[in-house]
Amino acid sequence: MRTPVPDRDTYLARWSALHGGYDPRGGLWLVRAWLTLVHRVASPLAARRVPPSAVTAAGVAVTALALPAAAAGGRWPLLAVVVMLLGGVADSLDGAVAVLTGRASAWGYVLDSVADRCGDALYLVALWYVGAPGGLLVAAGCALGLLEYTRARAGSAGFREIGVVTIGERPTRLIVAAFGLAGAGIVPGLAGFAGTVAAGATLAVCVVGLGQLMLTLRALLLGAPPPRD
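In this text, residue positions in the sequence shown follow full-length UniProt numbering: the first is 1, and each later residue adds one.
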């Protein structure tokens, strides 16, 4: 059975309410275009009342399939790129399905955040399989974790707005990893080099992104009363 699904404008309004009032209809066109695409893809799932948590789990499972492809070497990392991109789309669909079906919840938010961190770890492991140095990947993972931890703690301190879209956001990290795996698949002889460049780029964007976020948070939270535990 199919259930009526809200139109795009209604979806964008609900999305805005869940993201600190940021209105994509008057913001960056790329965000609006992406959310429009997500609405179209998510609508059939919402119409069939597919649970958002099932979409979340499917996204992690699909992303995990990139690991054997990356480990196989040769041209196989190109398949890993396709798998990772599909997992990235699924990562956006779960939230859209929740919004369209009116099933957005605190539990779904936590589950989605955990799934995102699992996806981030899988990206780094995939780069390790194609030859990126472990130490560099650990550093990238630490910077990534610190960026996400800082944003989460800001939420606990009362920061409920998007504030700033940094260069180190998850879509950027996905694109960087995908380029690294693509390079490894296109030129297998330089797989290690491609993986190293992608790992270094991940570290760089996370460090810069952390700096952007810290500057924004300092300006917005300085002088605010501390949260009660």
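Ideal Cβ placement from N, Cα and C applies to all residues, glycine included.
For residue i, does the count of other Cβ atoms within 10 angstroms reach 16, so buried, or fall short, so exposed?
i	result
D91	buried
R173	buried
R151	buried
D120	buried
L93	buried
T3	exposed
T10	exposed
G95	buried
G141	buried
Considering only residues of the same chain and omitting the five flanking positions on each side of residue i, which have a CB-CB separation below 7 Å?
i	result
V125	L67
A71	Y129
Alpha helix (DSSP H) containing residue i: first to last residue?
i	result
P4	No alpha helix (DSSP H) contains P4, which DSSP labels as neither H nor E.
S105	Taken as a continuous stretch (DSSP letters only), S105 belongs to no alpha helix (DSSP H), as it is neither H nor E.
L190	Neither: L190 is in no alpha helix (DSSP H) and is coded neither H nor E.
G59	P52 to A64
Looking at residue j and residue i, is the spacing between their C-beta atoms short of 8 Å?
i	j	result
V176	V205	yes
P52	A106	no
L18	A80	no
T56	D112	yes
A199	L136	yes
A178	M84	yes
L35	W15	yes
A154	L203	no
G195	A132	yes
G21	V62	no
V60	A115	yes
Identify, in the order they occur along the chain, each residue of the same chain with its Cβ nearer than 6 Å to the Cβ of residue i, setting aside the five sequence neighbours on each side.
i	result
L78	G185
A58	A90
G209	L147, T166, I167 and G168
L65	V83
With DSSP collapsed to three states, give me the class of residue i.
i	result
P77	helix
L136	helix
A17	helix
R48	coil
A175	First, the amino acid is wrong: residue 175 is Ile here, not Ala. Of the three classes helix, strand and coil, the one that applies to I175 here is helix, per DSSP.
R153	helix
V99	helix
R25	coil
V165	coil
L222	coil
W131	Note on identity: in this sequence residue 131 is Gly, with Trp being the wrong assignment. In this structure, G131 counts as coil in the three-state DSSP scheme.
By Cβ distance below 8 Å, which residues in the same chain neighbour residue i in space, the five residues on each side in sequence not counted?
i	result
D23	L12 and S16
A187	Reading off the sequence, residue 187 comes out as Val, not Ala. Contacts found: A194.
V207	A143 and G168
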